[in-house]
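J.: Reminder that position 79 of the sequence shown reads as 79 in full-length UniProt numbering, one-by-one numbering, no gaps.
I am attaching a structure below and will ask some questions about it afterwards.
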Amino acid sequence: MQRPHQVVVLVLDGALPLDVGIPAEVFHPESGFPYEVSTCGVTAGTVPAHGDFGYTVSRGLEALADADTIVVPGYAPAGRPIPVGVGEALRKAASRGARIASICYGAFAVAEAGLLDGLRATTHWDAAEKLAERHPQVTVEPNVLFVDEGDILTSAGAAAGLDLCLHIVRRDLGVGAANEIARGLVTAPYRAGGQAQYLPKTTSATRGETLAATREWALKRLDQQLTVAGLAAHARMSPRTFMRRFTEETGSTPLQWIHRARVDTARELLESTKLSVDGIAAQVGLGTAANLRLHFRRLLDVSPSEYRATFAGRG
Numbered sequence: 001m002q003r004p005h006q007v008v009v010l011v012l013d014g015a016l017p018l019d020v021g022i023p024a025e026v027f028h029p030e031s032g033f034p035y036e037v038s039t040c041g042v043t044a045g046t047v048p049a050h051g052d053f054g055y056t057v058s059r060g061l062e063a064l065a066d067a068d069t070i071v072v073p074g075y076a077p078a079g080r081p082i083p084v085g086v087g088e089a090l091r092k093a094a095s096r097g098a099r100i101a102s103i104c105y106g107a108f109a110v111a112e113a114g115l116l117d118g119l120r121a122t123t124h125w126d127a128a129e130k131l132a133e134r135h136p137q138v139t140v141e142p143n144v145l146f147v148d149e150g151d152i153l154t155s156a157g158a159a160a161g162l163d164l165c166l167h168i169v170r171r172d173l174g175v176g177a178a179n180e181i182a183r184g185l186v187t188a189p190y191r192a193g194g195q196a197q198y199l200p201k202t203t204s205a206t207r208g209e210t211l212a213a214t215r216e217w218a219l220k221r222l223d224q225q226l227t228v229a230g231l232a233a234h235a236r237m238s239p240r241t242f243m244r245r246f247t248e249e250t251g252s253t254p255l256q257w258i259h260r261a262r263v264d265t266a267r268e269l270l271e272s273t274k275l276s277v278d279g280i281a282a283q284v285g286l287g288t289a290a291n292l293r294l295h296f297r298r299l300l301d302v303s304p305s306e307y308r309a310t311f312a313g314r315g
């Protein structure tokens, strides 16, 4: 029997409770998927959390030696130096091929370990400037939900960690598995890493989920022709206002978002059905198999057939 994928959550002093809980929920073995999640600290015992909380962890840093994926939740204050031994343990794990992901301010620990040098990364928008100043060899992207650099991944604040963890499941097991876990958690199954995180602006009141109903309407009509004018009419806005609001909420243009939604729907159909590539292309509104292959290559760097061979039946 294959060994479950070991996810270890590294709980540092001042850990943010939501950040710790997200990977515990997403990778919980009761989901029915092949993950096993546990926590550790610098040493075994009680780890004080941010606020009136605490965590009891049964293992210290030695737990990282067996981890397939290590998640570093945020901790407060942002940028506090990590304890002696944490950086070395993370570097050793990375050198043997472990995947390392951070949530929120956890990026500071990964950066201090030297694992973000030469890479793109993100963190909560209110600490992005500090991360860039302290680690100039890191390309900090403050306006995205998460950044995937292969075996090193970083996410923005709190809820963006949920997007990152679901992205990891999507990478490991496919869209169907990620969607099933998302349904159990009653959360959106997909928000692209490039989607903008909240930034303080005088127009911040216009941000949020104003167009959620229109996006849901569009998802049910992917096989039909969808235009900015039609979407704007559904939202009862002028096309110009709709374009501006949509980009604020999603970080992409309406047509970019529709293309991504069509590819993601095609991914799920490739995993869960035996429909032909032509049939799937028609069902998701991409017309022909050639067009579907083009978008698959552009977004995923694989063909639909290669994707099906990898993920069919995983969910």
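Heads up, the beta-carbon is just placed ideally off N, CA and C, and yes, glycines get one too.
Compare the beta carbon distance of A158 and V140 with 9 Å and say whether it is the shorter of the two.
T.: Here the question's residue 158 lines up with position 158 in the sequence shown. Here the question's residue 140 lines up with position 140 in the sequence shown. Not in contact: A158 and V140 (Cβ atoms no closer than 9 Å).
J.: Classify F246: buried if its beta carbon has 16 or more other beta carbons within 10 angstroms, exposed otherwise.
T.: As a working note, residue 246 is residue 246 in the sequence shown. Result: buried.
J.: Would the beta-carbon of S102 fall within 9 Å of that of P73?
T.: For this step, residue 102 is matched to residue 102 along the sequence shown. For this step, residue 73 is matched to residue 73 along the sequence shown. The answer is yes: Cβ separation under 9 Å.
J.: Using 8 Å as the Cβ pair cut-off and three pairs as the minimum, do the stretch 81-94 and the stretch 16-32 touch?
T.: no
J.: Does DSSP put E149 in a helix, in a strand, or in coil?
T.: Sequence index remark: in the sequence shown, residue 149 carries index 149 (1-based). Here E149 sits in coil by DSSP.
J.: Could you check the C-alpha separation between H295 and E133 for me, to the nearest Å?
T.: Here the question's residue 295 lines up with position 295 in the sequence shown. Here the question's residue 133 lines up with position 133 in the sequence shown. In a straight line, the C-alpha of H295 is about 37 Å away from that of E133.
J.: K92 and A65: beta carbons closer than 9 Å?
T.: To locate residue 92, count along the sequence shown from 1; it is residue 92. To locate residue 65, count along the sequence shown from 1; it is residue 65. The answer is yes: Cβ separation under 9 Å.
J.: In the DSSP output, what is S155 paired with across the bridge?
T.: Reading the sequence shown from its first residue, position 155 is the one you call residue 155. In the DSSP output, where bridge partners are listed per residue, S155 has F146.
J.: Once DSSP output is grouped into helix, strand and coil, what is the label at V9?
T.: Taking the sequence shown and counting its residues from 1, one reaches residue 9 at position 9. Strand.
J.: Go ahead and pull the three-state DSSP assignment for C104.
T.: Residue numbering aside, residue 104 sits at position 104 when the sequence shown is read from its first letter. Three-state DSSP puts C104 in coil, outside helix and strand.
J.: On the three-state DSSP scale, how would you describe G32?
T.: One-based indexing of the sequence shown puts residue 32 at position 32. In the three-state DSSP reduction, G32 falls in the coil class, being neither helix nor strand.
J.: Report all residues from its chain with a CB closer than 6 Å to the CB of R308; omit the five preceding and five following residues, and keep chain order.
T.: For the purposes of this step, residue 308 is identified with residue 308 of the sequence shown, where counting begins at 1. Counting only Cβ-Cβ distances below 6 Å, and skipping sequence neighbours, we find L270.
J.: State the CB to CB distance for the pair V169 and I181, rounded to an integer number of angstroms; the pair is presumed to be in contact (CB under 8 Å).
T.: Stepping through the sequence shown from its first residue, residue 169 is reached at position 169. Stepping through the sequence shown from its first residue, residue 181 is reached at position 181. Indeed, because the Cβ distance is near 6 Å, the residues count as touching under 8 Å.
J.: Buried or exposed, going by whether 16 or more other CB atoms sit within 10 Å of the CB of S95?
T.: The count along the sequence shown starts at 1 and reaches residue 95 at position 95. S95 counts as exposed, since fewer than 16 other beta carbons sit within 10 angstroms of its beta carbon.
J.: Exposed or buried, what is V186 when buried is set at 16 or more other beta-carbons lying within 10 Å of its beta-carbon?
T.: Counting from one through the sequence shown, the residue named residue 186 turns up at place 186. Under this definition V186 is an exposed residue.
J.: What does the alpha-carbon distance come out to for the pair E62 and A109?
T.: Sequence index remark: in the sequence shown, residue 62 carries index 62 (1-based). Sequence index remark: in the sequence shown, residue 109 carries index 109 (1-based). In a straight line, the C-alpha of E62 is about 17 Å away from that of A109.
J.: Compare the Cα-Cα distances from V71 to each of A111, V7, R183 and V144 and report the closest residue.
T.: Along the sequence shown, one-based indexing puts residue 71 at 71. Minimum Cα distance to V71 is reached at V7.
J.: Thinking C-beta only, is D19 closer than 9 Å to G106?
T.: Here residue 106 corresponds to residue number 106 of the sequence shown, with the count starting at 1. Here residue 19 corresponds to residue number 19 of the sequence shown, with the count starting at 1. Yes, they are a contact pair.
J.: Quick one: Cα of V144 to Cα of S276, how far?
T.: For the purposes of this step, residue 144 is taken as residue 144 along the sequence shown, with counting starting at 1. For the purposes of this step, residue 276 is taken as residue 276 along the sequence shown, with counting starting at 1. Taking the straight line from one Cα to the other gives about 35 Å.
J.: I need the boundaries of the alpha helix (DSSP H) containing G45, first residue and last residue.
T.: Here residue 45 corresponds to residue number 45 of the sequence shown, with the count starting at 1. First-last for G45: G45 to P48, but that is the beta strand (DSSP E), not the alpha helix (DSSP H).
J.: Between P136, L131 and R215, which has its C-alpha nearest A118's C-alpha?
T.: Here residue 118 is taken as the residue at index 118 of the sequence shown, counted from 1. Before going further, note that residue 118 is Gly rather than Ala in the sequence given. Of P136, L131 and R215, the residue nearest in Cα terms is P136.
J.: Bridge partners for T139 per DSSP, in chain order?
T.: Walking along the sequence shown from the start, residue 139 turns up at place 139. According to DSSP, T139 bridges with R120.
J.: How is the beta strand (DSSP E) around V302 delimited, first residue to last?
T.: For the purposes of this step, residue 302 is identified with residue 302 of the sequence shown, where counting begins at 1. Boundaries cannot be given for V302, as no beta strand (DSSP E) includes it and DSSP labels it neither H nor E.
J.: I need the DSSP call for T273, collapsed to helix, strand or coil.
T.: What you label residue 273 is simply residue 273 of the sequence shown in a count that begins at 1. In this structure, T273 counts as coil in the three-state DSSP scheme.
J.: Expressed to the nearest angstrom, what Euclidean distance is found between the alpha-carbon atoms of E249 and G45?
T.: Position 249 of the sequence shown, counted from the first residue, corresponds to residue 249. Position 45 of the sequence shown, counted from the first residue, corresponds to residue 45. In a straight line, the C-alpha of E249 is about 42 Å away from that of G45.
J.: Report the rounded CA-to-CA distance for N291 versus H259, giving the unit in angstroms.
T.: For this step, residue 291 is matched to residue 291 along the sequence shown. For this step, residue 259 is matched to residue 259 along the sequence shown. Spanning the two alpha carbons is a distance of roughly 11 Å.
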